[in-house]
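Q: The structure that follows is given in the form of structure tokens.
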Amino acid sequence: MSEFKSEFLNIMLERGFYNQCTNIEGFDNYLYECEKSGRPAVGYLGSDPTGDSLHVGHIVPLMMLRWFQKCGHKPIALVGGATARIGDPSGKDKLRPFLDEATLAHNIEGLKKSFSKFLRFGDNGNDALMVDNWDWFKNVNYLEFLRDIGTCYSVNRMLTMDSVKTRLEREQPMSFLEFNYMLLQGYDFCVLMQKYGCRAQIAGSDQWGNITSGTELGRRKYDTELFGFTSPIITDASGKKMGKSEGNAVWINEEKLSSYNYYQYFRNIGDTEVGKCLRIYTDLPMNEVIRLESLKDQEINEAKKILAFEATKICRGETEAKAAQETAIKTFEQGSAGGELPSVVVASDCGILDAFVNIGFCASKGEARRLIKQGGLKLNDKTVSDENYHLSAADFTDGQAKIALGKKKFGIIKVA
RNA sequence: GGAGGGGUGGCAGAGCGGUCAAAUGCAACGGACUGUAAAUCCGUCGACUUUCGUCUACGAUGGUUCGAAUCCAUCCCCCUCCA
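Count the first sequence with the numbering used here and you get residues 2 to 417, in order.
Written out as structure tokens, the structure reads:
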């Protein structure tokens with residue numbers, strides 16, 4: 002199935018990354034020419050440092066860039082130090098609170114870390130490049146910017162952009178500050194084009210408006226065709242965005258989420274999502290993906306294990322992935338307790354309620370009590386029925402005891 | 001600047017002097033059933049306390065009242081219309 006001339010676009014298509022492109026034939030030709038001549042195409046992905054780590058929802062464009070690099074092209078990871086100071090109105094109902102300089106700096110570091118898990122950075126050939134748009138925006142003069150860039154935008158057109166239109170339709174306030182966001186992102190694209198010969202922007206489909214802002218600016222002001230390429234929004238079976246587990250985001254950086262929990266997120270994916278996830282979150286070759294996704298009923302669990310392992314490997318490294326997998330096997334299949342489980346140190350006569358609160362499984366003793374009434378808490382595989390129970394030496398083996406909340410949350414408590 | 005409407009739990013959204021820790025829906029969580037899946041059914045869903053109960057909470061601060069999410073005052077924020 003060679004729909005396209007370029008390797009990159011064929012991969013995007015067969016793995017389900019292709020949603021929309023500003024000019025698919027043009028982009029294909031550009032990539033093909035580059036692939037043929039051995040000169041890397043240059044494309045970028047931008048992300049604003051509004052948090053200190055990316056999460057699973059961001060992986061889709063990251064993987065696109067990863068493939069982009071694998072195809073011999075040069076990815077640029079842009080950290081939006083400047084745009085984060087404005088706030089992207091896309092998909093938002095409210096102005097975001099401003100971040101102070103310290104958290105901004107902290108977030109930028111976290112973001113760089115997230116990027117570096119998926120891309121190979123360096124100074125040679127098609128090594129990825131990291132840039133911060135603060136570098137070129139910090140000295141921009143307002144009047145000059147308005148005259149140079151502002152003249153290329155029509156407010157009439159801007160008002161029709163989704164990010165603006167929906168906000169107005171819902172009668173939610175939109176500040177002039179946010180209204181300017183698309184100009185900044187458009188300008189970014191052109192700066193990268195001029196500095197690094199960047200011709201493509203790759204992102205999730207929610208960025209479409211901001212991307213076309215850049216391609217239009219490129220055409221009007223610099224007479225250069227730029228390409229925008231977006232992925233579909235990946236949703237789970239119930240149509241919600243991917244990336245929440247127990248109400249919390251599935252973070253890419255390990256300080257925010259253990260590799261074991263990261264692994265478990267993918268291990269617990271719905272049957273209907275397996276094929277899609279294998280395509281998007283792993284590097285596995287397509288014939289393997291097709292084989293795995295055809296598994297049915299209980300066998301599909303094998304596919305889920307491979308998915309979880311491969312996805313964890315990319316993000317956390319092979320060692321971590323193996324450890325996570327081993328822990329999962331020990332815990333779920335052999336009934337013992339794997340080493341990667343969350344653990345907490347407690348006093349040897351600690352109350353059972355405190356133990357569950359301390360390890361973070363329960364937010365309060367009241368919650369722990371309720372769960373005991375519902376039969377949801379276990380100590381060494383036995384359902385806890387007495388909320389006043391205090392641990393004793395008999396509960397520990399080698400100074401450890403295994404506790405569980407529900408069927409999936411396991412932890413280890415250790416004697417002080 | 002003028003006139004009107006509004007700010008309630010993770011979200012949406014009732015309540016408009018006591019019976020309100022606050023209806024309902026969604027989300028979340030536990031149990032049953034299973035395959036660490038989905039669907040379904042049952043249950044839970046502010047904190048401390050075994051129960052009684054106590055405390056904190058309906059934008060903020062004061063006040064009226066035996067008693068306020070509910071009334072009054074001031075302030076902050078948002079929306080709509082007019083200038």
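The beta carbon of each residue, even a glycine, is placed where N, CA and C say it ideally should be.
Could you have a look at Ala-348 and say whether DSSP puts it in helix, strand or coil?
A: Mapped onto the first sequence, residue 348 falls at position 347. Ala-348 falls in the coil class under three-state DSSP.
Q: Could you tell me the distance, in whole angstroms, from the CA atom of Leu-1 to the CA atom of Ala-395?
A: There is no way to answer for residue 1, as the model of the chain reaches only from 2 to 417.
Q: Who are His-391's beta bridge partners in DSSP?
A: By one-based count along the first sequence, residue 391 stands at place 390. In DSSP, His-391 forms a bridge with Gly-352.
Q: Of all the beta strand (DSSP E) runs that stay within the bounds of the segment 35 to 100, which reach a length of 3 or more residues?
A: 43 to 48, 75 to 80
Q: Taking the C-alpha atoms as reference points, what is the distance between Glu-179 and Leu-185?
A: Taking the first sequence and counting its residues from 1, one reaches residue 179 at position 178. Taking the first sequence and counting its residues from 1, one reaches residue 185 at position 184. Glu-179 and Leu-185: Cα-Cα distance of roughly 10 angstroms.
Q: What residue does the beta strand (DSSP E) around Gly-412 start on, and which one ends it?
A: One-based indexing of the first sequence puts residue 412 at position 411. Element bounds for Gly-412: 410 to 416.
Q: What does DSSP give as the partner residue(s) for Gly-229 in the beta ladder?
A: As a working note, residue 229 is residue 228 in the first sequence. Residue pairing from DSSP places Gly-229 in a beta bridge opposite Gln-202.
Q: Where does Ile-330 land, buried or exposed, given buried means 16+ other C-beta within 10 angstroms?
A: Against the first sequence, residue 330 aligns to sequence position 329. Label assigned to Ile-330: exposed.
Q: Are the segment 42 to 53 and the segment 15 to 25 touching, with three or more C-beta to C-beta distances below 8 angstroms?
A: The segment 42 to 53 is not in contact with the segment 15 to 25.
Q: Can you tell me where the alpha helix (DSSP H) holding Gln-401 begins and where it ends?
A: Translated into positions along the first sequence, residue 401 becomes position 400. Looking at the DSSP string, Gln-401 is not in any alpha helix (DSSP H); the run it does join, the beta strand (DSSP E), is 401 to 406.
Q: Among the candidates Gly-219, Lys-114, Glu-15, whose CA atom is the shortest distance from the CA of Met-65?
A: Here the question's residue 65 lines up with position 64 in the first sequence. Checked all of Gly-219, Lys-114, Glu-15; the closest Cα to Met-65 is Glu-15.
Q: Is the CB-CB distance between Ala-338 and Lys-403 below 9 angstroms?
A: Translated into the one-based positions of the first sequence, residue 338 becomes position 337. Translated into the one-based positions of the first sequence, residue 403 becomes position 402. In contact: Ala-338 and Lys-403 (Cβ atoms closer than 9 angstroms).
Q: Of the residues Leu-380, Thr-23, Phe-28, Asn-389, which one's Cα is nearest the Cα of Phe-397?
A: Counting from 1 along the first sequence, the entry for residue 397 is found at position 396. Among Leu-380, Thr-23, Phe-28, Asn-389, the Cα nearest to that of Phe-397 belongs to Leu-380.
Q: Are the CB atoms of Ser-344 and Lys-409 within a distance shorter than 9 angstroms?
A: On the first sequence, position 408 is the one that residue 409 refers to. On the first sequence, position 343 is the one that residue 344 refers to. Not closer than 9 angstroms, so no.
Q: Using CA atoms only, rank isn't needed, just tell me which of Asn-125, His-56, Cys-351 is closest to Gly-73.
A: The residue given as residue 73 occupies position 72 in the first sequence. Checking every option, the nearest Cα to that of Gly-73 belongs to Asn-125.
Q: At 4 residues or longer, and completely inside the segment 145 to 169: list those alpha helix (DSSP H) runs for me, N to C.
A: Entirely contained in the segment 145 to 169, the alpha helix (DSSP H) runs reaching 4 residues are, in chain order, 156 to 161.
Q: For Val-61, count neighbouring Cβ atoms within 10 angstroms of its own Cβ and tell me buried if that reaches 16, exposed if not.
A: Working through the first sequence from its first residue, we reach residue 61 at position 60. Counting C-beta atoms within 10 angstroms of its own C-beta, Val-61 has 16 or more neighbours from the protein chains shown and is therefore classed as buried.
Q: Using a Cβ-Cβ cut-off of 7 angstroms (strictly less than) and excluding sequence neighbours within five positions of Phe-411, which residues of its own chain qualify?
A: Residue 411 sits at position 410 when you count from the first residue of the first sequence. Cβ within range, chain order: Thr-332, Ala-338, Leu-342, Lys-403, Ala-405.
Q: What residue does the alpha helix (DSSP H) around Val-275 start on, and which one ends it?
A: Numbered from 1 along the first sequence, position 274 holds the residue referred to as residue 275. Note, Val-275: alpha helix (DSSP H), 275 to 282.
Q: Does the distance from the CB of Ser-54 to the CB of Leu-112 come in under 9 angstroms?
A: Sequence index remark: in the first sequence, residue 54 carries index 53 (1-based). Sequence index remark: in the first sequence, residue 112 carries index 111 (1-based). Yes, the Cβ-Cβ distance between Ser-54 and Leu-112 is below 9 angstroms.
Q: Among all the DSSP beta bridges, which residues are the ones paired with Phe-122?
A: For the purposes of this step, residue 122 is identified with residue 121 of the first sequence, where counting begins at 1. Bridge partners of Phe-122: Ala-129.
Q: Using only alpha-carbon positions, find the residue among Pro-90, Leu-10, Leu-293, Ile-212 that is nearest to Lys-166.
A: Here residue 166 corresponds to residue number 165 of the first sequence, with the count starting at 1. Lys-166 has its Cα closest to that of Pro-90, out of Pro-90, Leu-10, Leu-293, Ile-212.
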